[in-house]
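Trainee:
2 protein chains.
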Amino acid sequence: MPVEGLSINLATVRQQWDMRQAVDACLAQGITAIAPWRDQVAKIGLDEAARLVANNDLKVTGLCRGGMFPAADPAGRAAAIDDNKRAIDEACTLRADCLVLVVGGLPETSRDIVHAREMVADGIAAILPHARAAGMPLAIEPLHPMYAADRACVNTLAQALDICELLGDGVGVAIDVYHVWWDPDLARQIARAGAMGRILAHHICDWLVPTRDLLLDRGMMGDGVIDLKGIRAMIEAAGFHGHQEVEIFSAENWWKRPGEEVLATCVERFRTVC
Amino acid sequence: MPVEGLSINLATVRQQWDMRQAVDACLAQGITAIAPWRDQVAKIGLDEAARLVANNDLKVTGLCRGGMFPAADPAGRAAAIDDNKRAIDEACTLRADCLVLVVGGLPETSRDIVHAREMVADGIAAILPHARAAGMPLAIEPLHPMYAADRACVNTLAQALDICELLGDGVGVAIDVYHVWWDPDLARQIARAGAMGRILAHHICDWLVPTRDLLLDRGMMGDGVIDLKGIRAMIEAAGFHGHQEVEIFSAENWWKRPGEEVLATCVERFRTVC
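Chains A and B supply the protein sequences, listed in that same order.
Take 989 as the starting number for the first sequence in the numbering used here and just add one per residue.
Take 989 as the starting number for the second sequence in the numbering used here and just add one per residue.
1. Let me see if you follow: with CB-CB separation under 8 Å, is V1048 of chain A close to chain B or not?
2. Please specify which runs of the alpha helix (DSSP H), each continuous and at least 4 residues long, are wholly inside the stretch 1075-1141 of chain B, giving them in chain order.
3. Against chain A, with Cβ distances strictly below 8 Å, would I1112 of chain B count as a contact?
4. Short check: CB of H1231 of chain B to CB of K1073 of chain B, under 8 Å?
5. What does DSSP give as the partner residues of N997 of chain A in its beta bridges?
6. Just curious, the beta strand (DSSP E) that A1189 of chain B is in, first and last residue?
7. Select from the stretch 1116-1134 of chain B all residues with a C-beta closer than 8 Å to any C-beta belonging to chain A, and list them in chain order.
8. Please classify V1029 of chain B: is it buried, with 16 or more other beta-carbons within 10 angstroms of its beta-carbon, or exposed?
9. Anything in chain B within Cβ reach of P990 of chain A, meaning under 8 Å, just list it in chain order.
10. Would you say V1165 of chain B and I1187 of chain B are within 8 Å of each other, going by their C-beta atoms?
11. Please name the residues in the stretch 1202-1218 of chain A whose beta-carbon is closer than 7 Å to at least one beta-carbon of chain B, in chain order.
12. For A1252 of chain B, which residues in the same chain have their Cβ closer than 7 Å to its Cβ, ignoring the five residues on either side in sequence?
13. Quick check on the DSSP output: the beta strand (DSSP E) that includes L1051 of chain A runs from which residue to which?
14. For the stretch 1133-1151 of chain A and the stretch 1101-1116 of chain A, state whether three or more C-beta atom pairs, one from each stretch, are separated by less than 8 Å.
15. Just verifying my parser: in three-state terms, what is the DSSP assignment at Q1232 of chain A?
16. What residue range does the beta strand (DSSP E) around V1159 of chain A cover?
17. Kindly list, in the order they appear in chain B, the residues whose Cβ is closer than 9 Å to that of V1197 of chain A.
18. Would you kindly work out how many angstroms separate the C-alpha atoms of L1202 of chain B and D1012 of chain A, rounded to a whole number?
19. With a threshold of 8 Å between beta carbons, is N1143 of chain A in contact with chain B?
20. Between Q1177 of chain B and chain A, is the shortest Cβ-Cβ distance under 8 Å, so that the two count as touching?
21. Between the stretch 1049-1059 of chain B and the stretch 1079-1098 of chain B, do three or more beta carbon pairs fall short of 8 Å?
22. Between the C-alpha atoms of D1211 of chain B and R1065 of chain A, what's the straight-line distance to the nearest angstrom?
23. Does the structure place the stretch 1214-1230 of chain A close enough to the stretch 1162-1181 of chain A that three or more beta carbon pairs sit under 8 Å?
24. For A1137 of chain B, I'd like the list of residues in its chain whose CB is within less than 6 Å of its CB, leaving aside the five on either flank, ordered along the chain.
25. Counting only beta-carbon separations shorter than 8 Å, does P1172 of chain B have a partner in chain A?
26. Quick one: does R1257 of chain B have its CB under 8 Å from some CB of chain A?
27. Helix, strand or coil: how does DSSP classify V1168 of chain B here?
28. So, with DSSP's three-state summary, where would you put V1048 of chain A?
29. At least one CB of chain A closer than 8 Å to the CB of D1061 of chain B: is that the case?
30. Which one or two residues does DSSP pair with D1205 of chain A in a beta bridge?
31. Using a Cβ-Cβ cut-off of 8 Å (strictly less than) and excluding sequence neighbours within five positions of D1100 of chain A, which residues of its own chain qualify?
32. With a threshold of 8 Å between beta-carbons, can R1026 of chain B be considered close to chain A, or not?
33. Kindly say whether D1100 of chain B, judged by its beta-carbon, lies nearer than 8 Å to any beta-carbon of chain A.
34. So which of A:R1026, A:P1246 and A:G1156 has the shortest CA-CA distance to L1082 of chain A?
35. Would you grab the beta carbon distance between A1122 of chain A and I1076 of chain A for me? Rounded to a whole angstrom, and I think it's under 8 Å.
36. Three-state secondary structure (DSSP) at D1071 of chain A?
This is the structure in structure tokens:
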């Protein structure tokens, strides 16, 4: 029986399986939507990944990830732009709904977050013509402020939407509850994103108390404190009715369990607490 | 030679010394401003702590901390209010510039951060008459969003200032660079806080890359990525020229070093990078 509306970001089972194995396991549990990471695609080859998608009629809710625009020198920034164009092409080959952008943090030795943010807007502007020509939407994913220095200096939905307004069509947002659940302005910004027609993805997991690692201690839906149903209601009221994509990095828990158990738990929690 | 404008939050040397020893060590290095925690005061006794302050003519830039207002039941909320009133009285006895409020996170089993935020505003409102009568300013400290669940659901300066506007005189903000440096709205909100006359404290440390622990891996000024001089300029331009208070929780580094070395480093960095 297919599980309607659920997508599995393959980072959730990256320690257990390669992309081919993960797809087989998803299909075995009725999951027909996925979101792979570029390294997972590269490992089996882009052509083989595209065949897996086409032959199994998979929905690809996003490709992770482009971004990482700020760099200390022009050569670094140019290299990032080239890599992002390749990522756009890969997303097209995989028929992904969007290319997710984790925009990057401060360049080495920099303390100038304002400048880093300018480099992000400039970088997205530079790849946007390529994305538009390819018909591939770019999804800026605001990351939790605890990643501002080293992963993404776009840290709120408001900030991401300001960039969308600045740059025009072809760019929107990926809303990951882990990154935005704390935001006092969340309800207003989700409504704004909907009114702008910019919601491209809805990622779910949970915030654990305590959280033991800044990166690799995300929780399974229902095990933490995020009001998943409440945020889902905001996103649906804003007009987005796409898949909820589970993305869990969990070095000490879910990555150590059998992949089948992880997927079965995702399905069960998706049906009960999301 | 006195170190003008530097205050040491005694949490910075809490593993090395009790309050009496910390005061002696500060004075030996020309540091005449401190901010103790209530448990440090309690350990030597409030009267003795007050004598230390008076006899040495110490500036007390704040008492840490009141707050922790949200609770699952009315009895819990009432207990928090009583405890905050005692904290106000202690801050008066110590002639502190303000009582710092770490407002609290989600009550046990709650996923309703909107309600927790209402409980915070209600709690501050409940203690404000006592604080006003005592002449003790309350300093809401917005905490980094990574503490939204378990320590403070006030996570931006904007949010703290909204509460100040709601409640009127007697309440302001403590601006800790560690908690706010990432905020895209920082410059505007610091200017707003200044225009409102609400800046009560300026805390400093640094954000390390990587940060290895959510709570106890703060960096010494200059060792991380925060634009300390830039934020100081914003705060001074907003009209606050009080002490910069060093507050470093560092289980694996500074708490393991000799206290004299920690203080000497604080002085040297204060003079060069802050």
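Glycine included, every Cβ here is placed at the ideal spot set by N, Cα and C.
As the structure is a prediction and not an experimental result, all values here were calculated from the model.
Mentor: Taking the geometry as given:
1. Position 60 of the first sequence, counted from the start, is the residue given in the question as residue 1048 of chain A. So, not an interface residue.
2. DSSP runs (the alpha helix (DSSP H)) wholly in the stretch 1075-1141 of chain B: 1101-1122.
3. Numbered from its first residue, the second sequence carries residue 1112 of chain B at position 124. Contact with chain A is absent for I1112 of chain B, since none of that chain's Cβ atoms lies less than 8 Å from the residue's Cβ.
4. Locating residue 1231 of chain B in the second sequence gives position 243, counting from the first residue. Locating residue 1073 of chain B in the second sequence gives position 85, counting from the first residue. Using a Cβ distance threshold of 8 Å, H1231 of chain B and K1073 of chain B do not count as a contacting pair.
5. Position 9 of the first sequence holds residue 997 of chain A. Looking at the DSSP assignment, N997 of chain A forms a beta bridge with A:A1023.
6. Working through the second sequence from its first residue, we reach residue 1189 of chain B at position 201. Boundaries of the beta strand (DSSP E) around A1189 of chain B: I1187 to I1192.
7. Correct list: H1132, P1133 and M1134.
8. The residue labelled residue 1029 of chain B in the question sits at position 41 within the second sequence. Counting the other Cβ atoms within 10 Å of the Cβ of V1029 of chain B gives 16 or more, which makes it buried.
9. The count along the first sequence starts at 1 and reaches residue 990 of chain A at position 2. The premise fails here: P990 of chain A is roughly 29 Å from chain B at the closest Cβ pair, so nothing lies under 8 Å.
10. Counting from 1 along the second sequence, the entry for residue 1165 of chain B is found at position 177. Counting from 1 along the second sequence, the entry for residue 1187 of chain B is found at position 199. For the pair V1165 of chain B and I1187 of chain B, the CB atoms are not nearer than the 8 Å cut-off.
11. Listed by position, the residues of the stretch 1202-1218 of chain A near chain B (Cβ gap below 7 Å) are L1202, V1213, I1214 and D1215.
12. Along the second sequence, one-based indexing puts residue 1252 of chain B at 264. Cβ neighbours of A1252 of chain B within its own chain (closer than 7 Å, five residues either side excluded): Q1017.
13. Taking the first sequence and counting its residues from 1, one reaches residue 1051 of chain A at position 63. Where L1051 of chain A is concerned, the enclosing beta strand (DSSP E) stretches over L1051 to G1055.
14. A contact exists between the stretch 1133-1151 of chain A and the stretch 1101-1116 of chain A.
15. Residue numbering aside, residue 1232 of chain A sits at position 244 when the first sequence is read from its first letter. In the displayed model, Q1232 of chain A falls within a strand according to three-state DSSP.
16. Translated into the one-based positions of the first sequence, residue 1159 of chain A becomes position 171. First-last of the beta strand (DSSP E) with V1159 of chain A: V1159 to D1164.
17. Taking the first residue of the first sequence as position 1, residue 1197 of chain A is located at position 209. Neighbours of V1197 of chain A on chain B, chain order: G1093, L1094, A1137 and D1138.
18. Counting from one through the second sequence, the residue named residue 1202 of chain B turns up at place 214. Counting from one through the first sequence, the residue named residue 1012 of chain A turns up at place 24. So the alpha carbons of these two residues sit roughly 37 Å apart.
19. Locating residue 1143 of chain A in the first sequence gives position 155, where the first residue counts as 1. N1143 of chain A counts as touching chain B.
20. The sequence position of residue 1177 of chain B within the second sequence is 189, counting from 1. So no, Q1177 of chain B is outside the interface.
21. Look at the beta carbons and you see the stretch 1049-1059 of chain B touching the stretch 1079-1098 of chain B: at least three pairs across the two are nearer than 8 Å.
22. Along the second sequence, read from residue 1 onward, the residue named residue 1211 of chain B stands at position 223. Along the first sequence, read from residue 1 onward, the residue named residue 1065 of chain A stands at position 77. C-alpha separation (whole angstroms): 25 Å.
23. Touching, yes.
24. Stepping through the second sequence from its first residue, residue 1137 of chain B is reached at position 149. Closer than 6 Å at Cβ, skipping near neighbours: G1093 and L1094.
25. The residue you call residue 1172 of chain B lines up with position 184 of the second sequence. Yes - at least one Cβ of chain A is within 8 Å of the one on P1172 of chain B.
26. Position 269 of the second sequence, counting from 1, holds the residue named residue 1257 of chain B. For R1257 of chain B, the answer is no, since every Cβ of chain A falls outside 8 Å of its Cβ.
27. For the purposes of this step, residue 1168 of chain B is taken as the residue at position 180 of the second sequence. Three-state DSSP puts V1168 of chain B in a helix.
28. Counting from 1 along the first sequence, the entry for residue 1048 of chain A is found at position 60. Note: V1048 of chain A maps to strand in three-state DSSP.
29. Taking the second sequence and counting its residues from 1, one reaches residue 1061 of chain B at position 73. Any Cβ of chain A closer than 8 Å to the Cβ of D1061 of chain B would place that residue at the interface, and such an atom is absent.
30. Position 217 of the first sequence, counted from the first residue, corresponds to residue 1205 of chain A. For D1205 of chain A, the pairing in a beta bridge is given by DSSP as A:S1238.
31. In the first sequence, the residue the question calls residue 1100 of chain A occupies position 112. So the qualifying residues of the chain are L1094.
32. As a working mapping, residue 1026 of chain B is identified with position 38 in the second sequence. With 8 Å as the cut-off, R1026 of chain B does not count as an interface residue toward chain A.
33. Position 112 of the second sequence, counted from the start, is the residue given in the question as residue 1100 of chain B. Closer than 8 Å: yes.
34. As a first step, residue 1082 of chain A is located in the first sequence; it is residue number 94 there, counting from the start. In terms of Cα proximity to L1082 of chain A, the closest of A:R1026, A:P1246 and A:G1156 is A:R1026.
35. If you number the first sequence from 1, residue 1122 of chain A lands on position 134. If you number the first sequence from 1, residue 1076 of chain A lands on position 88. Sure, about 5 Å apart at Cβ, within 8 Å.
36. Counted from its first residue, the first sequence places residue 1071 of chain A at position 83. Reduced to three states, the DSSP call for D1071 of chain A is helix.
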